[in-house]
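Numbering (the working numbering), first residue to last: 82 to 281.
Set out below in structure tokens:
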């Protein structure tokens, strides 16, 4: 808490994970470590939606198998998280997000805040052991971000800034519709996102 340059310490920790920890558990060629760094940069610099094995494969120049292998390893190292989609008639590729605050190594806070909100939601839900999925939208339609099914209530979750509304919930059949916003106090129909930190 008192460290004047916390991101420098975080950068050194991540570098140790890539340079020492991952090679100790995976048999990798030397150039693959740089590929893993590129993959992390791509996730960190990209928007929160659309990061999957396919997009990583296309943009980093690796196979889907390698993307899956690297993401799985980085998830075990607490660097990335995978969230699988809801439903059975969807491509089973996960949405890939970062563990907070790692995204800040690649973007300024103002640019990264939307991604950080979802990173925080995913991290807190996984730490609390609550099962959830992301909702895939069809082109041109708005849907909530996530779906929680393993509780007494089937809940659709939307995450956003202080002005986030409820328009994404139209046509969604669930028991509860919850909006978590980046705000300090509860407002009508909105719950402060930071309260999820108390779940774990």
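Every residue, glycine too, gets a C-beta built ideally from N, C-alpha and C.
In terms of CA proximity to residue 234, 256 leads the group 160, 149, 204, 256.
Contact between residue 99 and residue 88 is ruled out by a C-beta separation of about 16 Å, above the 8 Å threshold.
DSSP, read as helix, strand or coil, puts residue 215 in strand. Annotation for residue 273: the continuous beta strand (DSSP E) segment containing it runs 271-273. Residue 199 and residue 278 have their C-alpha atoms spaced approximately 13 Å apart.
In the DSSP annotation of this structure, the continuous segment of the beta strand (DSSP E) that includes residue 229 starts and ends at 227-229. Separation of residue 121 and residue 106 (C-alpha to C-alpha, rounded to the nearest whole angstrom) is 18 Å.
In its chain, beyond the 5 residues on either side, 216, 237, 238, 239, 249, 250, 253, 258 have a beta carbon closer than 8 Å to the beta carbon of residue 225.
Of the residues assessed, residue 144 falls on the exposed side of the cut-off, its CB having fewer than 16 other CB atoms within 10 angstroms. If you compare the alpha carbons of 247, 140, 119, 280 with that of residue 186, the shortest gap goes to 119.
In the three-state reduction of the DSSP assignment, residue 116 falls in the helix class. By the criterion of a C-beta distance shorter than 8 Å, residue 162 is surrounded in its chain by 156, 177, 178, 179, 180, 200, 203, 204, 207, once the five residues flanking it on both sides are discounted. Only exposed fits residue 94, as fewer than 16 other CB atoms lie within 10 angstroms of its CB.
Setting aside the 5 residues that flank it on each side, residue 173 is surrounded in the same chain by 165, 166, each with a C-beta closer than 8 Å to its C-beta; the list follows chain order. The three-state secondary structure of residue 121, taken from DSSP, is helix. The three-state reading of DSSP puts residue 250 in helix, counting H, G and I together. Close CB contacts of residue 159 within its chain, under the 8 Å cut and outside five residues either way in sequence, are with 180 (chain order). Shown here, residue 262 sits in a strand according to DSSP, grouped into three states.
Remark: C-beta atoms of residue 124 and residue 117 do not approach each other more closely than 8 Å.
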